[in-house]
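A short write-up of the structure that comes next.
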Amino acid sequence: MMKMKDFSCEELKALAVELPDEVNRYKMAGDFEGAAKAIDRWMDKPVGEAMKTRLLYETYILQKLPKEFPDTEEEVIRKFREILPDFSMEDLRRAEEENLAEWILVDGRKHYIHNLIRNLSDKEPEIRRRLGKADEKNEAKRLLLEAIHEMQEKGEKSVRIHLKTAIRLKEECFEPGMKIRAHLPLPAELFHTSDVKLLDHAPGKVTVDAPDARWRSICFEDTLEENRTFFAEYAYTVKAKYVDLWKEELPEAETKAASDGKPGEEYLSEQYPHIRFTPYLRSLASEIVGTEKRPVEIARRIYDYITKNVQYSYMRNYSIQTCIPEYCATNLRGDCGVQALLFITLCRIAGVPAGWESGLYSNPVSLGAHDWAMFYAEPYGWLYADPSFGGSAYAAGDENRRRFYFGNLEPFRMAANHAFQQKFTVKKEFLPIDTCDNQTGEMECETCGFTEEELEVTKEIISVEML
């Protein structure tokens, strides 16, 4: 349970404040109890309010870290041998050297990230070969490649997508009489998404955001004597237009892929704590961009840098990171959202308006949370960039697919969030699972917010109709 009251966007800016050395030394050594005691001492000192807010949030991070990094070296090897009997310490060391095995110290011992086995099984070539996955073909990839080919051949592709998502408190966490508030994301009618229909939803007091809300959700509020599932079923149309940004010259008529208005200053600004123009990110942007002044070419250089140099890696929870783009740039690894935030931040530093989109990747046979980016360039208008999909294409040696994701998306998207780190229309009282956006849902009661371990979240593809 998360009993910390929700932080406002203003308060989250305090994550940019450095911790006192004493607290940080305990934390880096993995002595979280010592760090917590040090925080208590520092809360009584005459420090500023921003530092007190930072220290308060650090108590939450210290609670989460051991859960995000649960396994020692021995435990990783034991668990991995259940699927790959010859997995060895040498394999684990190689994964570390290949930047695929994130770890921290817990009580002075290495503890590895909870999704390490999945990371290596999906991303490490030698492990994939030994698991018999090296030449694995799947229907989702086939449908993706077909969609890209059709867009490149015909200039666009439209689909009608019908989904159902649900959230439920696990039985062991439920108590009769709980006052429950649950938020589920909904597709917004912005950019390439239209004709959104909310077909069905769970009963109770319901608040549905406006169709063009930038953080669109449906909120349920009810007092439960018996546990039940909150769900939303909806359909929407995506019309994805193709633009080839790799031509020598591009007629303006071919470039109106997304043109919902010119960007405001917010798309060029910092947004603490994550979208920060740090000294290193400023320096990196300058090196990548050089003397280039054309917006599309600036964005292309940034996209090329990320897709060719950042290793895809599953991440710790975003809520316990203090500057996501800086992490990505300094460690050269990150998942879809981490890479998208690095792209957005570097673009803004270089003077190219850029923004966030996220929700679900809704391939006809595969449904999961996903984040990507947008950037603005005259005379083209708003264009898309998906660095993680582009980077995966680069790793697979598919240059056509890598180039496609600079300027375009295939239509298999449910875009609920069109801004980063916003607030719900119906306010959450406790810290959300994800402080960056809402992709799979949130739930709380009058005394606490619930963690992902306490919830059952389901996502179902009912149909995807090719139009």
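The opening position of the sequence shown corresponds to residue 21 in the numbering used here, with each subsequent residue numbered one higher.
Glycine included, each C-beta is placed from N, C-alpha and C at the ideal position.
Check	Outcome
In this structure, how does DSSP classify Val228 when only helix, strand and coil are distinguished?	strand
Near Pro452, which residues of its chain fall below 6 Å by C-beta distance, leaving aside the five closest residues on each side in sequence?	Glu462
By DSSP, does Thr471 sit in helix, in strand, or in coil?	coil
Excluding sequence positions up to five away, which residues of its chain have a Cβ less than 6 Å from the Cβ of Gly357?	Asp391
Rounded to a whole number of angstroms, what is the C-alpha to C-alpha distance between Glu290 and Leu189?	36 Å
Could you spell out where the beta strand (DSSP E) holding Leu39 opens and where it closes?	Careful: Leu39 lies outside any beta strand (DSSP E) and carries neither H nor E.
Between the Cα of Pro431 and the Cα atoms of Phe424, Ser382, Glu472, which residue gives the shortest distance?	Ser382
Please classify Ile326: does DSSP put it in a helix, a strand, or coil?	helix
Is the distance from the Cβ of Lys328 to the Cβ of Gly411 below 9 Å?	yes
Please name the residue or residues paired with Asn437 in a DSSP beta bridge.	Trp235, Ser378
Exposed or buried, Leu219, counting other C-beta atoms within 10 Å across all chains shown (16 or more means buried)?	exposed
Out of Glu253, Glu170, Ala405, which one is the CA nearest neighbour of Leu204?	Glu253
Less than 6 Å between C-beta atoms, sequence neighbours within five positions excluded: which residues of the same chain meet that for Glu42?	Ala58
Do Ile133 and Tyr334 count as a contact pair if the criterion is CB distance below 9 Å?	yes
Thinking just about the alpha-carbon of each residue, which of Lys184, Lys33, Leu304 is nearest to the one in Thr365?	Leu304
Would you grab the beta carbon distance between Lys84 and Leu120 for me? Rounded to a whole angstrom, and I think it's under 8 Å.	With a Cβ gap of about 22 Å, Lys84 and Leu120 do not count as contacting.
Grouping DSSP H, G and I as helix and E and B as strand, with all else coil, what is Asp220?	strand
Do Pro315 and Phe395 have their CB atoms nearer than 9 Å?	yes
Closest to Phe440 by CA distance: which of Lys447, Glu102, Asp457 is it?	Asp457
Output yes or no for whether 9 Å exceeds the beta carbon distance between Arg234 and Ala202.	no
Looking at the strands, I want to know which residues DSSP matches up with Ala405.	Ala393, Phe426
Is DSSP giving Ile488 helix, strand or coil here?	Any property of residue 488 remains undetermined from this structure, which presents the chain solely from 21 to 487.
Over the uninterrupted alpha helix (DSSP H) stretch that includes Glu185, give me the two end residues.	Residue identity differs from the one stated: residue 185 is Thr in this sequence, not Glu. Careful: Thr185 lies outside any alpha helix (DSSP H), inside the beta strand (DSSP E) at 176-189.
Between which two residues does the alpha helix (DSSP H) harbouring Ala58 extend?	52-63
Classify Cys343 as buried or exposed, calling it buried when 16 or more other Cβ atoms lie within 10 Å of its own Cβ.	buried
For the candidate residues Lys65, Ile81, Val67, whose alpha-carbon lies nearest to that of Leu35?	Ile81
Go through its chain and collect everything with a Cβ distance to Pro90's Cβ below 7 Å, but skip five positions before and after it.	His131, His134
What's the gap between the Cα of Glu466 and the Cα of Gly197?	10 Å
How would you call Ile369, buried or exposed, if buried means at least 16 neighbouring beta carbons within 10 angstroms?	buried
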